[in-house]
Structure formats: structure tokens, C-alpha cells
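Q: For reference, each letter of the sequence shown is one residue, going 38 to 236 in this note's numbering.
Let me give you the structure first, and then I'll get to my questions.
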Amino acid sequence: MNTRLLTPEDTRVLARPGEVGVAREWVVWPSNSTDSFDVRISSVELAAPGPFKTLSGFDRLLTVISGEGLVLSHGDAAPRARIRRLEAYPFPGEWPTTAELSKGVVTLFNVTTRRPQAEAQVETMRLGTRQVWEALDSPAAMIHCIGGSLAVRIADEDEDFRLESGESLWMQNIEGSRDIEFEGLSTDCEVLMVGIRLG
């Protein structure tokens, strides 16, 4: 298994012509790909309402990690969806999508996967100072510390990891199922975990 600790300084600012917000790319796979990617994990800060880019052949999975949430309108494709903080919301990239802010600036964690090459799932936890074990059974995964401080221990790995607010741990080439221990080191610790399966 390969692991990499990522800080906001490791991200790349993405151009978003015709879209609102500032996007930062955390991970893209294959590495160094642009529009030909199969997986992209990014965060987007939205300070104003506006449209999202249509992505034919992709699925999107959005989670509000800061702010009061937002409403997404999809035209005739689907009903309006209100997304609250720490709720994961999946939708096809083909849907026309416009964001309306509920109250003030929000930050989205955005996982985009190409069909059928990849699919993603997201889990969030308000961890506080608890210790929680989770089973990891996907070949690639990311753990993102939304707030507070977090210790991560992975079964059969020698190295433990400490993540501060805004930092991520990216894991690739995971063989079989692994147990992961999450230990919150502060009362405000919140965690987001992304599992990636490749087709």
C-alpha cells in the first residue's frame, strides 16, 4: 500500500471557466491527467450562486464540509435538492446543475468518477474524542480531516498518521480489506472518508 499525506499547499488550483467558486485539486488519477482523468478529488469554495459544468460520462459526489449548506437545481432532470453539512449527495455529471447558497460561503468536497472505470462512496463522521474502527475494502481511499485533529492507524502498517484540520491522507494499491482506527484528538474532530473502486 502506498500512502501520502497531503496539505492544502499540495493542491492545484483548477480553472473553472463558466463556473462559480475556487476549486483545488487534491488527487487526480491517472496522475497528471487533465480532462482524461478517471478519478478527481477536489474541494470547491462557493461564495455566490451559479452553474456547475456539465460532465458527460461522469458521476459526481458532493459533500458540504463547511457553511450552512446549499440547494442544487437540475432543471427538468431531477427535483431541487437541499444539501446539508456533512451530507453526501450523488448525481450524474450530465444533469444541468445550478447552486444556490442557503446562507453564506460553503466549501464542497467533490469526488468525480468516470463511468464505468471508477465509482466512489463517501462517509462522514463527527468523531470528537472517540475511537472508531472502520473496514476499508477499496483499492484506493482518502481520509480528510474536516476539523480538529485526528490520529489514523492502519492494520498491518508500521506508520501511524496525524492529520490536522484541512489535511488528507491518500492511499493507493490497497490489497484486501484493512481495518483503520480513527482517534479524534480534539472535541471538534470531523472526518470524511472516500473509497474508490476501479472498474
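Ideal placement from N, C-alpha and C gives every residue a C-beta, glycine not left out.
For residue 220 and residue 113, what's the separation of their Cα atoms in angstroms?
A: Position 183 of the sequence shown holds residue 220. Position 76 of the sequence shown holds residue 113. Rounded to the nearest angstrom, the two C-alpha atoms are 44 angstroms apart.
Q: For residue 149, I'd like the list of residues in its chain whose CB is within less than 6 angstroms of its CB, leaving aside the five on either flank, ordered along the chain.
A: Position 112 of the sequence shown, counted from the first residue, corresponds to residue 149. Contacts found: 77, 95, 97.
Q: Does DSSP put residue 129 in a helix, a strand or coil?
A: Counted from its first residue, the sequence shown places residue 129 at position 92. In the structure shown, residue 129 sits in a strand (DSSP, three-state: E or B).
Q: DSSP three-state label for residue 46, please.
A: As a position in the sequence shown, residue 46 is number 9, starting the count at 1. Note: residue 46 maps to helix in three-state DSSP.
Q: In the DSSP output, which residue or residues are listed as bridge partners for residue 146?
A: Reading the sequence shown from its first residue, position 109 is the one you call residue 146. DSSP, once it has assigned bridges, lists 80, 100 as partnering residue 146.
Q: Helix, strand or coil: how does DSSP classify residue 187 here?
A: One-based indexing of the sequence shown puts residue 187 at position 150. Note: residue 187 maps to strand in three-state DSSP.
Q: Apart from the five residues just before and just after residue 81, which ones in its own chain have a Cβ nearer than 6 angstroms to its Cβ?
A: On the sequence shown, residue 81 is found 44 positions in, with the first residue counted as 1. Excluding positions up to five away in sequence, the list reads 58, 60, 145, 147.
Q: In or out: residue 213 buried (at least 16 other Cβ within 10 Å) or exposed?
A: Reading the sequence shown from its first residue, position 176 is the one you call residue 213. With fewer than 16 Cβ atoms within 10 Å of its Cβ, residue 213 is classed as exposed.
Q: Report the option in 83, 179, 41, 92 whose CA atom is closest to the CA atom of residue 131.
A: To locate residue 131, count along the sequence shown from 1; it is residue 94. Among 83, 179, 41, 92, the Cα nearest to that of residue 131 is on 92.
Q: Determine the direct distance from the alpha carbon of residue 164 to that of residue 205, and round the result to whole angstroms.
A: In the sequence shown, residue 205 corresponds to position 168, counting from 1. In the sequence shown, residue 164 corresponds to position 127, counting from 1. Spanning the two alpha carbons is a distance of roughly 16 angstroms.
Q: Taking residue 168 as the reference, which of 216, 232, 233, 70 has the closest Cα?
A: As a working note, residue 168 is residue 131 in the sequence shown. For the residues 216, 232, 233, 70, the minimum Cα distance to residue 168 belongs to 216.
Q: Starting from residue 216 and walking both ways along the beta strand (DSSP E), at which residues does that stretch end?
A: The count along the sequence shown starts at 1 and reaches residue 216 at position 179. That run of the beta strand (DSSP E) goes 215–221.
Q: Assuming contact is defined by CB atoms lying nearer than 8 angstroms, are residue 124 and residue 100 in contact in what I supplied?
A: To locate residue 124, count along the sequence shown from 1; it is residue 87. To locate residue 100, count along the sequence shown from 1; it is residue 63. It is a contact, given that the beta carbons lie within the stated cut-off.
Q: Leaving out five residues before and five after residue 246 in sequence, what residues of the same chain have Cβ atoms less than 6 angstroms from its Cβ?
A: No statement about residue 246 is possible, as the shown extent of the chain runs from 38 to 236 and does not include it.
Q: Report the residue from 196, 185, 178, 201 whose alpha carbon sits nearest the alpha carbon of residue 64.
A: Sequence index remark: in the sequence shown, residue 64 carries index 27 (1-based). Cα-wise, what sits closest to residue 64 is 178.
Q: Buried or exposed for residue 70, going by 16 or more other Cβ atoms inside 10 Å?
A: Residue numbering aside, residue 70 sits at position 33 when the sequence shown is read from its first letter. Label assigned to residue 70: exposed.
Q: With residue 138 as the anchor, note down where its beta strand (DSSP E) starts and where it stops.
A: Here residue 138 corresponds to residue number 101 of the sequence shown, with the count starting at 1. Looking at the DSSP string, the run of the beta strand (DSSP E) that includes residue 138 is 135–138.
Q: Using DSSP with H/G/I as helix, E/B as strand and the rest coil, what is residue 51?
A: Within the sequence shown, the letter at position 14 stands for residue 51. Correct three-state label for residue 51: strand.
Q: On the three-state DSSP scale, how would you describe residue 87?
A: Sequence index remark: in the sequence shown, residue 87 carries index 50 (1-based). If DSSP states are grouped into helix, strand and coil, residue 87 belongs with the strands.
Q: Would residue 157 and residue 75 qualify as a contact pair, given that the criterion is a beta-carbon distance under 8 angstroms?
A: Reading the sequence shown from its first residue, position 120 is the one you call residue 157. Reading the sequence shown from its first residue, position 38 is the one you call residue 75. No, the pair does not count as a contact, with Cβ atoms beyond the cut-off.
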